[in-house]
Amino acid sequence: MKKKNLWTLVRILFLLLTILTFTPFVIPKGVFKPELLGMPYTLWMGILINLLMVALVWWGTRVHPGREEPES
Numbered sequence: 307m308k309k310k311n312l313w314t315l316v317r318i319l320f321l322l323l324t325i326l327t328f329t330p331f332v333i334p335k336g337v338f339k340p341e342l343l344g345m346p347y348t349l350w351m352g353i354l355i356n357l358l359m360v361a362l363v364w365w366g367t368r369v370h371p372g373r374e375e376p377e378s
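If you want my numbering, it's the 1-based position in the sequence shown plus 306.
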């Protein structure tokens, strides 16, 4: 895939993940179970989404069309 296409994919995935963050899938009304390691569902889903966003930002820095390739 070309860098421009990968960059567009990263932007679309980031937008979808941002929208998903505020849906009932991540923030259900009045639900805090199940728990994972004593943390409520909303908290560990928030942590997971945060990690995915960090990974997308890192990937975006690698495929950005304006990025200069290091000289060997």
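C-beta: ideal position from N, C-alpha, C; glycine also. Bear in mind the structure is a predicted one, so any value in this text is a computation, not a measurement.
Among Val360, Thr327, His370, which one has its Cα closest to the Cα of Leu312? His370
Do the CB positions of Leu323 and Leu358 come within less than 8 Å of each other?
yes
Between Leu362 and Leu319, how many whole angstroms is the CB-CB distance? I'm expecting something under 8 Å. 6 Å
DSSP beta-bridge partners of Glu341 = Pro346
| said: Can you give me the C-alpha to C-alpha distance between Pro340 and Val360, rounded to a whole angstrom? | reply: 25 Å
Beta-carbon separation of Val332 and Ile355 under 8 Å?
yes
So Val332 is in the alpha helix (DSSP H); what residue range does that whole segment cover?
Unbroken run through Val332: none, as it is neither H nor E.
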